[in-house]
Amino acid sequence: MSDRYLSFTGTAPGRFLTRRLGLPQPAALRRWSPERPALDGDEVLHLTAGGPAPLSDSPSGSPSAVVLDATGVRDTDGLAGVHAALHPVIRSIAPSGRVVVLGAPLDPTDHHQAAAQQALEGFTRSLGKEIGRGRTVNLVRLTDRAAAESTLSFLLSPKSAYVSGQVIEVGTAASAAAASAAAVTVDPDRPLAGRTALVTGAARGIGAAVAQTLARDGARVVVLDVPQAEEDARRLAERLDGIALALDITAADAGERIAAELPDGLDVLVHNAGITRDRRLVNMPADRWSSVLDVNLASVLRTTDALLAAKALNDNGRIVATASIAGLAGNAGQTNYGASKAGIAGLVRSLAPRALAEHGVTVNAVAPGFIETRMTAAVPLLIREAGRRMNSLAQGGLPVDVAETAAWLAHPASGAVNGQVVRVCGQSLLGA
Ligand SMILES: NC(=O)c1ccc[n+]([C@@H]2O[C@H](COP(=O)([O-])OP(=O)(O)OC[C@H]3O[C@@H](n4cnc5c(N)ncnc54)[C@H](O)[C@@H]3O)[C@@H](O)[C@H]2O)c1
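Every number in the numbering used here is 205 more than the matching position in the sequence shown, counting from 1.
Following this line, the structure appears as structure tokens:
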């Protein structure tokens, strides 16, 4: 569904009027395309907090991104180096540019270091809210720079257009499997070549975009959806050179049926299928509660358990589940949906270390904010308009924004990213 306000503010009279009225000024976000795969602007500027001060007139003119290494910040004095490094250059960063702050894990034995490193989180989220012009700010906490390469290339590309204000931990659950996965060499244009990816609820909306994006990255895609959506699933699978699987994911034996369908195993499993049945709790009959919990959470647990037990997920495999900011922030009328999506975050955090240690499989989730799909087109106009604007980028995201995030998590070199719930929400004010 089109965002008419965004189109209007892209015109000269629209810009004039909205500026005069003090209304939000969403920038047209630069997204990835084969013709324009890199960010606009000049070279990425690499700075270190406490390092040599950058020239106020940046040598690279208008950098496409700034990477600030703040891993060495151990106390509040060190935080002055963050200000000293970024203050002179922030204005020059190109539209839809990036700021990526590199931090270190919090040291439980040193509260000065922990305070300073946690401060980077508040800094990142605050800068994300003020930077404007379609630019994003994210914090990556890392222990091993090499293990974070796939994460940095995602954040420093147009693929992360709608990911802002996030704190992503890389390598904290580093095990032998994660370390070896980080060293995997892949074709950068087709990182998933030779891999099989299954996406549930892929006949339309976000799931269809995920299937397309994983196919673009070289995966053989299995497009799973309910039998009623079989025609759409089949058409998409044909277009992507993949296969369609008509299956209700709530079937008790769904996991076993998927495993039987894929004798060579599965490399990437994206749990995307989801439904809403909104009502306030006082008006909610038990069937609306249970259908949402079953599709959005119980079936995810059941199929994941069945596929892991059947060893159907190959080594260096990936599970990407779909949460929602409604599960993180809560939403009136969505006690069932919010519970189901918060449950996904719990599943991810608990299973991730074990799945990596026992199966060599990472488990992460994407948590979309307001994404323009049929699901959000059904939301009443005023609430829809509020949902679109109440984020730092002042617009809704597109299904492809969630898909690109899933593709980064699915990347063979993302083995050190584990147990993360990454919001794709333009830094929504909800649950921030
Ligand atoms: N659109 C948003 O703004 C938004 C925000 C947060 C989270 N999400 C989540 O993203 C996911 C995709 O959302 P969407 O907006 O594309 O929804 P959508 O309604 O457009 O598509 C959902 C798909 O899942 C399929 N599906 C539903 N029940 C199924 C079942 N039992 N078995 C197999 N397939 C089933 C549907 O047939 C449909 O093709 C969902 O999990 C949703 O909760 C969406």
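Glycine included, C-beta positions come from ideal geometry on N, C-alpha and C. Please read these numbers as outputs of a predicted model, since none were measured by experiment.
- Non-local beta-carbon contacts of P268 in its own chain, meaning distances under 8 Å to residues more than five positions away in sequence, involve G246, D247, E248, V249, L250, V294, S297, I298, A299, G302 in chain order.
- The residue from G535, V475, V553, L502 with its alpha-carbon nearest to that of L518 is V475.
- Close CB contacts of S362 within its chain, under the 8 Å cut and outside five residues either way in sequence, are with W237, P242, A243, L244 (chain order).
- Assignment of T509 by DSSP, reduced to helix, strand and coil, places it in the helix class.
- L552 has its alpha-carbon roughly 19 Å from the corresponding atom of S496.
- In the DSSP annotation of this structure, the continuous segment of the beta strand (DSSP E) that includes L450 starts and ends at 448–451.
- Taking 8 Å as the upper bound for CB-CB distance, L307 and V287 are not in contact here, some 11 Å apart.
- Assignment of H292 by DSSP, reduced to helix, strand and coil, places it in the coil class.
- The criterion of a C-beta distance shorter than 9 Å is not satisfied by A528 and A557.
- Going by DSSP, E335 is part of the alpha helix (DSSP H) stretching over 316–335.
- Using a Cβ-Cβ distance cut-off of 8 Å, the region 577–594 and the region 560–569 are not in contact, since fewer than three pairs of beta carbons, one from each stretch, lie closer than that value.
- At least one heavy atom of ligand 1 lies closer than 8 Å to the C-beta of M580.
- Leaving aside the five residues that flank V305 on each side, the residues in its chain whose CB is nearer than 7 Å to its CB run, in chain order, A270, V272, N343, V345, L357, L360, L361.
- Under a 10 Å Cβ-count criterion, G399 is classified as exposed, with fewer than 16 other Cβ atoms of the shown protein chains found around its own Cβ.
- Cβ-Cβ distances below 6 Å link Y542 to T481, V497, A531 in the same chain, with the five nearest sequence neighbours on each side left out; the list follows chain order.
- From the listed residues Q433, L252, Q417, the smallest Cα separation to D446 is found for Q417.
- About 7 Å separates the Cβ atoms of V627 and V368, confirming a contact at the 8 Å cut-off.
- Pairing A618 with S355 gives a Cβ-Cβ distance under 9 Å.
- Note: N343 is bridge-paired with V305 in the DSSP secondary-structure output.
- For H564, the uninterrupted alpha helix (DSSP H) run begins and ends at 540–564, by DSSP.
- Take the alpha-carbon of S331 and the one of R340: they are about 13 Å apart.
- Remark: C-beta atoms of A408 and A424 do not approach each other more closely than 9 Å.
- In this structure, R409 has its CB closer than 8 Å to one or more heavy atoms of ligand 1.
- Here R485 is exposed, its C-beta having fewer than 16 other C-beta atoms within 10 Å.
- Residue environment for P490: exposed (fewer than 16 other C-beta atoms within 10 angstroms of its C-beta).
- Judged by DSSP secondary structure, L211 falls within the alpha helix (DSSP H) whose first and last residues are 209–214.
- Looking only at W613, V629, A615, Q600, the smallest Cα-Cα distance to S207 is reached by Q600.
- Collapsing the DSSP output to three states places D312 in coil.
- Sequence-distant partners of R579 (beyond 5 residues in either direction) whose C-beta falls short of 7 Å from its own C-beta, in its chain, are R409, G410.
- The residue among L561, T348, L450, D422 with its C-alpha nearest the C-alpha of V404 is L450.
- Taking 8 Å as the cut-off, the C-beta of D453 counts as close to a heavy atom of ligand 1.
- Relative to the Cα of L513, the nearest Cα in the group Q323, G460, L467 belongs to G460.
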